[in-house]
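Remarks on the structure that follows.
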Amino acid sequence: MCGICGLVGVSDAGIVKRMCDAIAHRGPDDEGLYTGSEATLGARRLAIIDLSTSAHQPMSNEDGSLWLAFNGEVYNYRELRSELQRRGHVFRSNGDGETLLHLYEEHGEACVQHLQGMYAFAIWDSLRRRLFIARDRLGIKPLYYAQKGNLFVFASEIKAMLASGLIAKEVDHQAISHFLSFGAVPAPRTILREVHALLPGHWLRLQGGKLAVERYWDVEFAEQPPQRDEREWAKALLEQLRESVRSCMVSDVPLGAFLSGGIDSSAIVGLMSSLVSQPVRTFSVRYDAGGAQYDESPYARMVAQRFGTEHTEVVVTEGDVAERLDDIVWHMDQPSHDGLNSYFVSKAARTGVTVALSGLGGDELFAGYGNFKFARRMERLRPFSSLLSPLTQSAVVAADGLMPASYRNHWLWQQVGKGLLARYPTTARAYAVRLFYDEAEKRRLLQGGLVNRNGHETSLGLIEGLAQRVSGADTVNQISYLEMRSYMADTLLRDADVMSMAHSLEVRVPYLDHRLVEFAATVPPELKLRGAVHKYILKESLKELLPNEILNRPKMGFSFPLAIWLRGNSLRHVVDSCLTREAVERRGFFRWREAAAVRDDFYRLSPESPTVYRMCQRLWTIVVLELWCRRYLDS
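Anchor point for the sequence shown: position 45 equals 50 in the numbering used here, and the numbering is continuous, going up by one each time.
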């Protein structure tokens, strides 16, 4: 695991050194620069495989014509290395990074098709004066870039881009609009107008000042799933998951796992324990507020005891969040409504290990979220929507605009009232229940002219565009695709990366081994969502591994009691400081009265209100955006 950065179009080690310094937390073990006549690459290294200096980055091929800066892990590097050696390639290190150089020599841009793992890397070809950068299939590792005239700059984090001094501190107004809806900025946009995110499963080539970006992988769902009975599917799934876990355990440094006590992380811990002779190190967090609604620690302890892990449990309080909030926002890199939990569990894990496996991805692959079930319901309601007269539809739209926010954000209205309009495809409408703000609400909140200043790109339109790519798939698989390409990629994976790297911890995600993802895409959707049972086939595959108390427990999710903490003195002070009239008008994003109304609507609710979570997230997006601007734009 590393942080990488670079500059093409001019040779300037000073700029790239500043960029490296900004992401030193990603690689505290080593730093390196390559400076050529028209390109400079930088790398900060967190040593995981081959701890010797021979794996120093940036590294070159035998004749020095190719230079590599690499972030991530290639899990199948040993097999690739053996094949490349048979073809005459000579290696100078025992690490996985050097494999990329020789693979590129052998296959060029098609090298990415041979990789299994998580990665973002850059290869500078000095003979052809060509830069090639690529990102892994699911977007586990980040990569940002910008082109300004004849200069091209890239980095693992936004803060390194800003440290170059080449990027203007100007926000993308359309990105702000999307952030309010999603709680994250959807790629390829970023919060900064001049910076773009390379999408998952894409590569970019720069030559002669011209950019070419291509997608090399995407999820493809089987139209006709292979013929297997239920028992065969469960057995095959368990073997695929076991192989993914085995691949993720390649390491020359201490390795452990996050353990929430949910099905996904418990399965990872159970399989890890079956593959090693020593106790697995496991880590979990619990909170001082919220009671059983947020406390999964009894389940985590149950799993830890079952598999004999060396378990560490830390308690996070409102005071901890308030004390660390500035550091959290700094490492957030882009504004996010999430990530606090990842920050604290990573902080705990780094005290004992350098690598941690996570259960992230299981819900997306195997229909673990409520909107999978909702999409099925919407599918059944859709034929009746045509019976609604235009007058009825207009009344629903009018009611949506007039009712108080606390009612408008109730799950029943979101799912039935607005859903019956069926103005959008079923999957897009079902997924849109995730959105914290719709377009009408954003028009009221944002300053005039800020909404869609760059065009007419709506947040729901982004979802519709993604859904079109898999329009022929079953509804369950369509939602799975939207979850992977939106919430998982733009929020969960981004937060997991930056919050773990804040503590120089590498997080690996076995469920997102692309072989397992491709296998899951062949599983019949009725085995993912069986009636009201989410993740049915995954649970069936784990019956002999996990206790029934884990398999049959209600889903809680990796959430935290923010709605309670925001009522405490420390964080309430933060909220109020961000929403003074002076602060809001100075920033210029929001209408102060509307922003203050969002705050007041939240604080009028009791913590037990069914809409409190959604109202809390609406408030937190406004607050965290202001905190991010103070840290990144005002500093």
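Backbone N, C-alpha and C define an ideal beta-carbon position, used for all residues, glycine too. Remember, predicted model here, so these are calculated numbers, not experimental data.
Counting C-beta neighbours from all protein chains within 10 Å, is the total for residue i 16 or more, i.e. buried, or is it exposed?
i, result
"Val-13", "buried"
"Arg-586", "exposed"
"Gly-77", "buried"
"Arg-520", "exposed"
"Leu-132", "exposed"
"Val-481", "buried"
"Ala-29", "exposed"
"Ser-302", "buried"
"Val-321", "buried"
"Pro-259", "exposed"
"Lys-540", "buried"
"Val-200", "buried"
"Lys-215", "exposed"
"Ala-305", "buried"
"Glu-225", "exposed"
Alpha carbon to alpha carbon, how far is residue i from residue j?
i, j, result
"Leu-362", "Gly-266", "14 Å"
"Arg-92", "Phe-184", "49 Å"
"Leu-243", "Leu-547", "7 Å"
"Ala-294", "Ala-568", "10 Å"
"Ala-501", "Gly-344", "7 Å"
"Glu-488", "Glu-369", "6 Å"
"Met-561", "Ala-52", "35 Å"
"Gln-483", "Pro-529", "13 Å"
"Gly-154", "Ala-173", "14 Å"
"Pro-230", "Leu-532", "11 Å"
"Asp-443", "Gly-261", "41 Å"
"Gln-234", "Phe-288", "Checking the displayed sequence, the identity of residue 234 turns out to be Asp instead of Gln. Whole-angstrom Cα-Cα distance: 37 Å."
"Leu-455", "Val-629", "18 Å"
"Leu-425", "Met-383", "Its pLDDT being 49, under 50, Leu-425 is placed unreliably by the model, and nothing is read from it."
"Met-506", "Gln-232", "43 Å"
"Thr-527", "Gly-536", "19 Å"
"Asp-479", "Cys-583", "44 Å"
"His-374", "Phe-441", "Just to set this straight, residue 374 is Tyr in the shown sequence, not His. Cα to Cα, the separation comes out at about 17 Å."
"Gly-113", "Leu-330", "44 Å"
"Ala-353", "Pro-191", "29 Å"
With DSSP as the reference, please indicate the residues paired to residue i in a beta bridge.
i, result
"Gln-152", "Phe-157"
"Phe-288", "Phe-263 and Thr-317"
"Arg-210", "Phe-137 and Ala-217"
"Glu-36", "Arg-49"
"Ile-128", "Leu-73 and Phe-137"
"Cys-10", "Gly-47 and Ala-160"
"Gly-646", "A question about residue 646 goes unanswered here, because the residues of the chain that appear run from 6 up to 640."
"Ser-65", "Trp-72"
"Ala-361", "Gly-261 and Val-512"
"Val-683", "Only positions 6 to 640 of the chain appear in this structure, which leaves residue 683 out of reach."
"Leu-451", "Phe-595"
Got a sec? Which residues, its chain only, sit under 8 Å from residue i by beta carbon, not counting five neighbours each side?
i, result
"Asn-459", "Note that Asn-459 scores 47 on pLDDT, short of 50, meaning its location in the model is unreliable; the coordinates nonetheless yield the value given after this. The answer, listed in chain order, is Asp-177, His-178 and Gln-179."
"Ser-16", "Thr-40, Gly-41, Ser-42, Glu-43, Ala-44 and Thr-45"
"Ala-272", "Leu-246, Gly-364, Gly-367, Leu-543, Leu-547, Leu-550 and Leu-551"
Short of 7 Å in beta carbon distance, which residues of its chain neighbour residue i, apart from the five on each side in sequence? Order them along the chain.
i, result
"Trp-416", "In this prediction, Trp-416 has a pLDDT of 49, which is less than 50 and means its spatial position is unreliable; what the coordinates show is noted afterwards. Excluding residues within five positions, the ones whose Cβ falls inside 7 Å are Pro-615."
"Glu-67", "Val-95"
"Leu-497", "Leu-365"
"Asp-338", "Glu-162, Ile-163, Lys-164 and Val-503"
"Cys-565", "What sits at residue 565 in the sequence shown is Phe, not Cys. Within the same chain, Phe-565 has close Cβ partners Tyr-292, Tyr-299, Leu-345 and Asn-346."
"Ser-610", "Rather than Ser, the amino acid found at residue 610 in this sequence is Leu. Excluding sequence neighbours, Leu-610 sits near Ser-411, Thr-616, Val-617 and Met-620."
Smallest Cα separation from residue i: which of the options?
i, options, result
"Arg-474", "Asp-223, Val-512 and Arg-499", "Asp-223"
"Arg-385", "Thr-432, Thr-356, His-342 and Gly-367", "Thr-432"
"Ile-20", "Gly-102, Asp-101 and Leu-171", "Leu-171"
"Leu-632", "Arg-448, Asn-81, Ala-537 and Ser-341", "Ser-341"
"Phe-379", "Asp-332, Val-320 and Leu-534", "Leu-534"
"Asp-34", "Ser-57, Arg-23 and Pro-559", "Ser-57"
"Tyr-618", "Trp-129, Leu-584, Arg-591 and Trp-570", "Trp-570"
"Ile-145", "Gly-470, Leu-471 and Asp-518", "Asp-518"
"Leu-85", "His-61, His-119, Ala-327 and Asp-55", "His-119"
"Leu-624", "Glu-599, Ser-87, Gln-283 and Leu-167", "Glu-599"
"Glu-328", "Ser-611, Arg-635, Arg-251 and Ser-575", "Ser-575"
"Gly-102", "Gly-357, Cys-7 and Gly-470", "Cys-7"
"Ala-435", "Arg-449, Leu-451 and Leu-465", "Leu-465"
"Thr-356", "Glu-318, Arg-306 and Gly-536", "Glu-318"
"Gln-62", "Leu-89, Ile-9 and Arg-291", "Ile-9"
"Ser-98", "Val-117, Arg-134, Ala-227 and Ser-59", "Ser-59"
Return the chain-ordered list of same chain residues with a C-beta closer than 6 Å to the C-beta of residue i, the five sequence neighbours on each side being excluded.
i, result
"Asp-269", "Gly-364 and Gly-367"
"Ala-525", "Leu-370"
"Leu-471", "Leu-487 and Arg-490"
"Met-493", "Glu-369"
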